[in-house]
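Here the structure comes first, spelled out in structure tokens, and everything after it is commentary.
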Amino acid sequence: GKISPMLFWEEKKDSNLPPSYTEALKMPVSAQPSTSVQETIEDLRPKLCRMEKTSSGFGFHLNGIEGVCGQYIKEVVKGGPADKAGLGDDDVVVEVNGVNVEKSSHAEVVEMIRRGGNTLEMLVASKNVYKQLKDKGMTITPRLVGEAPVGKPFTLTCSISRDRGESVRQVRWLDVQNQTLLSYQPMNKDSVSGQQHVELAPSSSKDSSSIIIHRVGFRDEGCYTCIFDLQPSGSKQGQTCLTVDAQVTSDRNKTAVSGKRASLSCSYGLPEKVKQVMWLHSPTGGQPSEVASYAQRSDPMIEPAYQGRVWLTPSLSDSQLTIQPVAIQDEGCYTCTYETHSDEKKSSVVCLSTYVLPKPQVSYRTTSPGVIEANCTSMSRPPVEIVWNVETDNRTIGAPLTSQLPQEDGTTLVVSTLTVQSGLLKDVSVKCLVHHKGLESPIAVSMNTKIGTALTILISVTTVAALLVLSLCFCLWKCFLHKEDN
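Okay, here's the thing in structure tokens:
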């Protein structure tokens, strides 16, 4: 027999508590019976298991031997997160949350699981599959799982163990409909024939066969049969299964001006698997709330609080949420979730920032003889930065004083005060420059007493002109009356 490096141990805690993971115990190594060679082709694939932690934990024991690398699964709770994700007793742990742990200690693996919080992704393989893959010198990665990204090429592989004297005459691949996908004779390259979207992989050998699907789509999902016709014993066949997967992609974080329009988009490449798309809004420091949803064979549903200014495209693939007009309370992060027919949820998050553009104003007053206090005020979101431009003149009295006053509606009032000598305003133009993230260039507002003087002159001239017109009208009226009397 052969010696197993990983052994089962009993949990010493209360047996009524569901297991999750614990420390390894010192135990003697015991012999395990050897496994005979399989007569049929085995699906040599690991498993990629994703699970969410519940109040009872993940529902499995992580076992190992103190001081020895290599961890494995025991006591999977039936119906628990681990069981639903596909973990099984004696599965060898290869990766935890994307990190290879084959050479990690038990304590290191436990710490990785704890750092992951409430979510856990484990790449595992049964003992027999693990041994066979290692004997073949293969590196165990998620790519061996058979989970193919939609729209990308993917390789399917079958391997056999031949008895002495056996030779492979022909290899055939059948698709998910049991139709011939590809066939060939190992010693004759010109014998390859099959469907256009597949080809024989260069890595194929006498004992293994690999085919490449050029662009994986939803219809490629399912189990494929590989048949090795052997001489003189007959044929051996096996199955390898392919799951087509896609990730949800979304816009980068967006910024919208209050009162304008904002569109948030998400995309998922397998609409055939989707039964519903939902959008949730999570305001900063607030509770998430549902905004809109769309299900197959129905119209988009908009929640009452958003009706009249929110629209959702009727699509299970490219989903776009439009808000018009955007308000400050719309700021926050939006989660688009695609719920599949298998109740799996895939989501992505896009965050929205709202800007209120500034409308700066400048005012001034004389505080004492020869001294003028100028104020530049602006209300906006986020707060503006105010800079004074006095054309390099040094007749200011001290540096500007700036204050920020948060408003109830989420905007901020910024007030910048500059004290100058009154003579400065007669010689140069004093400007208040307002910088804001929503503006391509700053807004400049001039402050000059000459404008006030010109305005006074304009009013005086207008008044005199009006009096002259009235006098002229009076004179003409008197003349008209005089002529009537004559």
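Per the numbering used here, residue 7 is the first one in the sequence shown, and the count goes up by one each step. C-beta atoms are modelled at their ideal positions from N, C-alpha and C, and glycine is treated no differently.
Exercise. Taking the alpha carbon of residue 84 as the point to measure from, which residue in 92, 340 and 373 has its own alpha carbon closest?
Worked result: 92
Exercise. Is residue 112 helix, strand or coil by DSSP?
Worked result: helix
For this session: Measure how close the beta-carbons of residue 300 and residue 344 come, nearest whole angstrom, since I'm counting them as under 8 Å.
Result: So it is not a contact: roughly 10 Å between Cβ atoms.
Exercise. Distance, Cα to Cα, residue 170 vs residue 196?
Worked result: 27 Å
Exercise. Can at least three beta-carbon pairs, one atom from the region 231–240 and one from the region 314–333, be found at a separation below 8 Å?
Worked result: no
For this session: Could you give the DSSP three-state label for residue 170: helix, strand or coil?
Result: coil
Problem set entry | Three-way DSSP call (helix, strand, coil) for residue 120 in this model | helix
Problem set entry | Sufficient close CB pairs (3 or more, under 8 Å) joining the region 434–450 to the region 387–394 | yes
For this session: Using only alpha-carbon positions, find the residue among 478, 97, 150 and 111 that is nearest to residue 132.
Result: 97
For this session: Keeping to the same chain, check which residues put their C-beta closer than 8 Å to that of residue 172; ignore five residues upstream and five downstream.
Result: 236, 237, 238 and 239
Problem set entry | Proximity below 9 Å, CB of residue 107 to CB of residue 95 | no
Problem set entry | Residue closest to residue 155, alpha-carbon to alpha-carbon, out of 220, 316 and 110 | 220
Exercise. Secondary structure at residue 259, three-state DSSP: helix, strand or coil?
Worked result: coil
Exercise. Would a C-beta distance cut-off of 9 Å place residue 151 and residue 249 closer than the cut-off?
Worked result: yes
Problem set entry | Alpha-carbon to alpha-carbon, residue 482 and residue 472 | Approximately 15 Å, taken between the alpha carbons.
Exercise. Under three-state DSSP, which class holds residue 303?
Worked result: coil
Exercise. Less than 9 Å separating the beta-carbons of residue 406 and residue 384?
Worked result: No, Cβ-Cβ distance for residue 406 and residue 384 is not below 9 Å.
Exercise. Closer than 9 Å, CB to CB, is residue 242 near chain D or not?
Worked result: The structure shown has no chain D; it contains just one protein chain.
Exercise. Excluding sequence positions up to five away, which residues of its chain have a Cβ less than 8 Å from the Cβ of residue 44?
Worked result: With a pLDDT of 33 at residue 44, under the threshold of 50, the modelled position of this residue cannot be trusted; read the value that follows with caution. So the list reads 167, once near-sequence residues are dropped.
Problem set entry | Euclidean distance between Cα positions of residue 245 and residue 113 | 37 Å
Exercise. Nearest-angstrom Cα distance between residue 452 and residue 282?
Worked result: 56 Å
For this session: Taking 8 Å as the threshold, find out whether the region 346–357 comes into contact with the region 257–264 through three or more Cβ pairs.
Result: yes
Exercise. If we ignore side chains and look at the alpha-carbon of each, how far apart do residue 417 and residue 304 end up?
Worked result: 39 Å
For this session: Please state whether DSSP places residue 226 in a helix, a strand or coil.
Result: Residue state, collapsed to three classes: helix.
For this session: Locate the beta strand (DSSP E) running through residue 80, then write down its first and last residues.
Result: 78–80
For this session: Please state if the CB of residue 255 and the CB of residue 216 are separated by a distance shorter than 9 Å.
Result: no
For this session: Quick one: using the 10 Å Cβ neighbour count with 16 as the cut-off for buried, is residue 42 buried or exposed?
Result: For residue 42, the predicted model reports a pLDDT of 29, less than 50, meaning its position is unreliable; a value from the coordinates is still stated below. With fewer than 16 Cβ atoms within 10 Å of its Cβ, residue 42 is classed as exposed.
Problem set entry | Secondary structure, beta strand (DSSP E): runs of 3+ residues fully inside the region 365–408 | The qualifying runs are 367–374, 377–386 and 391–395.
Problem set entry | Own chain residues within Cβ distance below 6 Å of residue 410, not counting five before or after | 389, 418 and 420
Problem set entry | Closest residue to residue 211 among 194, 229, 105 and 226 (Cα-Cα distance) | Cα-wise, what sits closest to residue 211 is 194.
Exercise. What is the C-beta distance between residue 203 and residue 279, in whole angstroms, given that I count them as a contact (C-beta under 8 Å)?
Worked result: Rounded, the Cβ-Cβ distance is 20 Å, inconsistent with contact.
For this session: Tell me whether the beta-carbon of residue 52 lies closer than 9 Å to the beta-carbon of residue 105.
Result: With contacts defined as CB atoms closer than 9 Å, residue 52 and residue 105 fail to qualify as a contacting pair.
Problem set entry | residue 97 in three-state terms, based on DSSP | Residue state, collapsed to three classes: coil.
For this session: Return the first residue and the last residue of the beta strand (DSSP E) that residue 135 is part of.
Result: Looking at the DSSP string, residue 135 is not in any beta strand (DSSP E); the run it does join, the alpha helix (DSSP H), is 133–141.
Problem set entry | Any non-hydrogen atom of the ligand ADP closer than 8 Å to residue 70 Cβ | The ligand content of the structure shown is nil, which means the ligand ADP is not present either.
For this session: Classify residue 160 as helix, strand or coil using the three-state DSSP reduction.
Result: strand
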